[in-house]
Amino acid sequence: MKHIKQTATAVALAASALLISACSSGTTPDTAQNAADGRPIVNKEHWPKKVPTSGLVKDLTLPLETYMASYEDQVTVEQAANDLQQSCMKDYGIDLTLPKAGANPPPSDNDANIERRYGITDRAEAEKYGYELPPALREHTQQPMRDLSGVEVEVLTGHTKPELPQAPEGVKTGAAFSGPGRTKPARAEYNGKKVKTGGCIGWSKQQLGVQEADPITVAQLAGDSLVQSMKDDKVVKAIAAWSACMDGKGHKGLADPYKAMDQGVTNDQEPTQESIALAVDDIDCKKQTDLVKIWSGVESAIQEQQIADNKSRLTLIKEQHGKEIAAARQQMAASTQ
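Taking this note's numbering, the leading residue of the sequence shown gets 2, the next gets one more, and so forth.
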């Protein structure tokens, strides 16, 4: 249980960081050519579907997904913010091209990770890739960005370049030492213009009304609902039936589908015949025992109660998402005129 909850929280944190870490241009092209090899930098064909279209989770959604930002919406906000940042930097006489958003899509549309929430669920993919993601999702599109000078960092972020902390007394020179980089407030002005509070990044967020309040609230609730669902008698029995089915196929000692994933993952290498066989049997046993339907039904009921208990907070989060996306779309439309 602890492992599952930690995993859910880690996924939530990674997803919530998307708005902060990803970069984009000021347009929303279906594809943007990679100058290095001709492959598209942004290829929407590889973006996750909002609702699964295949496998045991086909057409399946969970109640809390209503309050989660979709990948497309997150990319829209990022693109609009980065367009503003580039424009802001130009006002200071700095030409800066930021990487494009949406170049390296995640396997799921939102924090629910419904495609693998209950373990793998797509037999057609399992027959080809075992427990690994399809090749298109394992590739990472590199978008080189030039190093920024100290003053460019100040104008962009509103603070100086982070300086690595001094090694503690007694630590030998050259010894490995890491810690949070220290920064100082940016200079007051550059090229005759006042540097904005929070730099061009902070200014872009203000223009779009990005508050980043409660960035992982919904994901945490979804993590809690998954953990709670595993304690439900119906789910316990369904998982036990799945485990017995796997045992009958020669896969001994697998307490739940997550154990099967741990055993079958080949760490981004080509899947072995053994891992493919395990993956296919895993999904067949899920289908035979109706595990996904039972488990998702129990979790849906838990999430409905969570929504009722947190209605005001969740409504505000959803409204804030809507405002940010509307502002981003307006900005994108204005930038193309």
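Where is the CB? At the ideal position from N, CA and C, for every residue including glycine. If you're wondering where the values come from, they're calculated on a predicted model, not measured in any experiment.
Item	Value
DSSP state of Arg183 mapped onto helix, strand, coil	strand
Short Cβ contact (8 Å threshold) for Tyr68 with Val219	yes
Rounded straight-line distance, which links the Cα of His141 to that of Arg40	12 Å
Distance between Pro53 and Lys232 (C-alpha atoms, nearest Å)	26 Å
Check whether Asp112 and Pro49 have beta carbons under 8 Å apart	no
Chain-order list of residues whose beta-carbon lies under 8 Å from that of Ala239 (same chain, five-residue window excluded)	Thr290, Asp291, Leu292, Ile295, Trp296
Beta-carbon separation (whole angstroms), Ile121 vs Ile284, contact threshold 8 Å	6 Å
Closest by C-alpha distance to Gln332, when choosing among Ser71, Leu279, Ser88	Ser88
At least 3 beta-carbon pairs within less than 8 Å: the region 123-140 vs the region 63-77	no
Burial state of Gln304 (16 or more Cβ within 10 Å)	buried
Bounding residues of the alpha helix (DSSP H) (the contiguous stretch that carries Asn83)	72-92
Alpha helix (DSSP H) segment containing Ser336, residue limits	312-336
Segment contact, 8 Å Cβ cut-off, at least three pairs: the region 308-319 with the region 184-193	no
C-beta contact flag for Gly94 and Pro272 at 8 Å	no
Collapsed DSSP secondary structure at Lys287 in the structure displayed	helix
For Ser336, the nearest candidate out of Glu73, Asp84, Lys59 (CA to CA)	Asp84
Alpha-carbon spacing of Gln207 relative to Glu155, whole angstroms	18 Å
Rounded C-alpha distance that separates Asp282 from Met247	7 Å
Beta-carbon gap between Val211 and Val78 smaller than 8 Å	yes
DSSP three-state assignment for Lys232, whether helix, strand or coil	coil
Residue burial classification, Met90 (beta-carbon count within 10 angstroms, cutoff 16)	buried
DSSP state of Arg124 mapped onto helix, strand, coil	helix
Range covered by the alpha helix (DSSP H) that runs through Val156	151-158
Per DSSP, cross-strand counterpart(s) of Glu190	Lys195
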